[in-house]
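S.K.:
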Amino acid sequence: MDKNKIIKAGKIAKEVKEYAKSIIKKDMLLLEIAELIETKIKELGGDIAFPVNLSINDIAAHYTPNNDDKTKAHGLLKIDIGIHVEGWIADTAFSIDLEDNEENKKLIEASSKALENATKVIKENTKLNEIGKTIQETIESFGFTPIINLSGHSLEQYDLHAGITIPNINNKQNTPIKQGLYAIEPFATSGNGKVYDGRPSGIYRLINNKNVRSPIARETLRLIEKEHDKLPFCSRWIIKKLGTKALFGLKQLEDNGNLHNYPQLMELSHKKVSQAENTILIEKEKIITTE
0 MDKNKIIKAG
10 KIAKEVKEYA
20 KSIIKKDMLL
30 LEIAELIETK
40 IKELGGDIAF
50 PVNLSINDIA
60 AHYTPNNDDK
70 TKAHGLLKID
80 IGIHVEGWIA
90 DTAFSIDLED
100 NEENKKLIEA
110 SSKALENATK
120 VIKENTKLNE
130 IGKTIQETIE
140 SFGFTPIINL
150 SGHSLEQYDL
160 HAGITIPNIN
170 NKQNTPIKQG
180 LYAIEPFATS
190 GNGKVYDGRP
200 SGIYRLINNK
210 NVRSPIARET
220 LRLIEKEHDK
230 LPFCSRWIIK
240 KLGTKALFGL
250 KQLEDNGNLH
260 NYPQLMELSH
270 KKVSQAENTI
280 LIEKEKIITT
290 E
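Going by numbering that gives the first Met the number 0, the first residue of the sequence shown is number 0, and it counts up by one from there.
Right, here's the structure in full:
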C-alpha cells in the first residue's frame, strides 16, 4: 500500500465533502451537483473513483444523473463520493435533509452515530461481527433498522470492493480485521431493512475486453479501456466524449457481456434511507483518511 497516496486521496475527499455540503441546495439539478463535485475533485488533484452517487429517499445507492437528467435535489439526499490517487481510493458519504423534516434528521443522526461508534471499535484484530453489532445496535437505538444486505468493504489499488465485507448487522462472522484499507458504510432506514435491484443506473464497469462487431461499440470500448479500465464510470461521461451515439455503443457492449450496469438499489418497503461513510487505514494505529 502507498500510504502517502492513501492520505492524499483522503485529504481531497474531505475537502470535496465540505465543498459539496456548501453548494447543495434544495431544487438544484442533480446533474449540476454531480458535475460541480466531479470538477472539484479534479481541481484538487484527484481522480474520480466512481461517478458521484446522488440517491434520494428510498433509493439507497447507485443513482447518478444521466446526461439530460432534470431531477432536482429534494427529500433525504445521500451523497457518495469516491476519489483516487493512482488507484488508492478514498470513499466517503453523507446525507442531508432538504425538507426540514424531523424523521430525515433522525435518520441522518442514526447512520452518522453508527459510523462514529463503528470507527471507535475497528482496529487490527477486531472481529467483523463486533463492528456489525455496533452499527446495528446504534441504528436500532434510534428506532430504525440497518440495511442488512448493504455493507462496508475493503479497498485495494483500483479495487473498490476488494473481498472483505464489513456488515451493518451482527452476522456472527468472527473473521478478524487485518491491516489494510476499509470503508465503513452504515445505512439506516425506517423501512424493513433490505434493498432490491431497481432500474439500471447508467453506472458501468468493464468486465470483459472481448471483441464486438459494431463500429460504435468498438469506439466506445476503446475509450473505456483508455480512461476507465478498472473503475466504474457512467454514461454521461462517455456521451461527453462521443456524443449520444455512445448510448448505442454502451447498450451493445452490455448485451455483448463487456459491461456490468449497476442497478439502482431500492429500499424494499420504499421507506427513506440515510447513509454515512468514511475510509479508514488500519495499521498498528488507525487513520480516518476522509475525516
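The beta carbon of each residue, even a glycine, is placed where N, CA and C say it ideally should be.
#1: Determine the extent of the beta strand (DSSP E) in which R204 is found, giving its start and end residues.
#2: Three Cβ pairs or more, each shorter than 8 Å: is that satisfied between the stretch 168-181 and the stretch 131-138?
#3: Out of A216, E37, L230 and D79, which one is the CA nearest neighbour of L249?
#4: Grab the span of the beta strand (DSSP E) containing A275 for me, first residue to last.
#5: Would a C-beta distance cut-off of 8 Å place G45 and A8 closer than the cut-off?
#6: Alpha carbon to alpha carbon, how far is I281 from N3? Give it in angstroms, no decimals.
#7: What first and last residue would you give for the alpha helix (DSSP H) that runs through Q251?
#8: Quick check on DSSP: helix, strand or coil for Q172?
#9: If we count the other Cβ atoms within 10 Å of its Cβ and call it buried at 16 or more, is R221 buried or exposed?
#10: If you reduce the DSSP assignment to three classes, tell me which class N260 lands in.
#11: In the DSSP assignment, find the beta strand (DSSP E) that holds P214 and state where it starts and stops.
#12: Residues in the same chain with beta-carbon distance under 6 Å from I95, minus the five sequence neighbours each way, listed in chain order, please.
#13: Quick check on F186: buried or exposed, where buried means 16 or more other Cβ atoms within 10 Å of its Cβ?
#14: Note down the Cα distance separating A117 from E42, rounded to an integer number of angstroms.
#15: For G81, report the span of its beta strand (DSSP E) as first-last.
#16: Can you give me the C-alpha to C-alpha distance between S189 and D79, rounded to a whole angstrom?
#17: May I ask you to report which of helix, strand or coil DSSP gives E155?
#18: On the DSSP bridge assignment, give the partners of L28 in chain order.
#19: Could you pull out every residue in the same chain whose Cβ sits closer than 6 Å to the Cβ of H152, ignoring the five residues on either side in sequence?
#20: Output the distance between the C-alpha atoms of I238 and T219, rounded to the nearest integer angstrom.
#21: L106 lies in the beta strand (DSSP E); which residues open and close that run?
#22: For the stretch 2-69, list the beta strand (DSSP E) runs that are entirely contained and at least 3 residues long, ordered along the chain.
#23: Judging by CA-CA distance, which residue of D99, F143 and I5 is the nearest neighbour of I82?
#24: What is the DSSP secondary structure of I238, reduced to helix, strand or coil?
#25: Going by the beta-carbon positions, is the gap between S110 and S273 smaller than 8 Å?
#26: Measure the C-alpha to C-alpha separation of I147 and N191 and round it to an integer number of angstroms.
#27: Which of the three DSSP states is assigned to K126 in this structure?
M.R.: Put simply:
#1: That run of the beta strand (DSSP E) goes V194 to L205.
#2: yes
#3: A216
#4: It is not in any beta strand (DSSP E) - A275 carries neither H nor E in the DSSP assignment.
#5: yes
#6: 14 Å
#7: A245 to D254
#8: coil
#9: exposed
#10: strand
#11: Premise fails: P214 lies in the alpha helix (DSSP H), P214 to E226, not in any beta strand (DSSP E).
#12: Counting only Cβ-Cβ distances below 6 Å, and skipping sequence neighbours, we find L76.
#13: buried
#14: 32 Å
#15: L75 to V84
#16: 20 Å
#17: DSSP places E155 in strand when its eight states are reduced to three.
#18: K71
#19: Excluding positions up to five away in sequence, the list reads H160, T164 and A182.
#20: 10 Å
#21: Premise fails: L106 lies in the alpha helix (DSSP H), E101 to V120, not in any beta strand (DSSP E).
#22: If only complete runs of 3 or more residues are kept, the stretch 2-69 shows the beta strand (DSSP E) at 46-55 and 58-60, in order along the chain.
#23: The shortest C-alpha separation from I82 is found at I5.
#24: helix
#25: yes
#26: 9 Å
#27: strand
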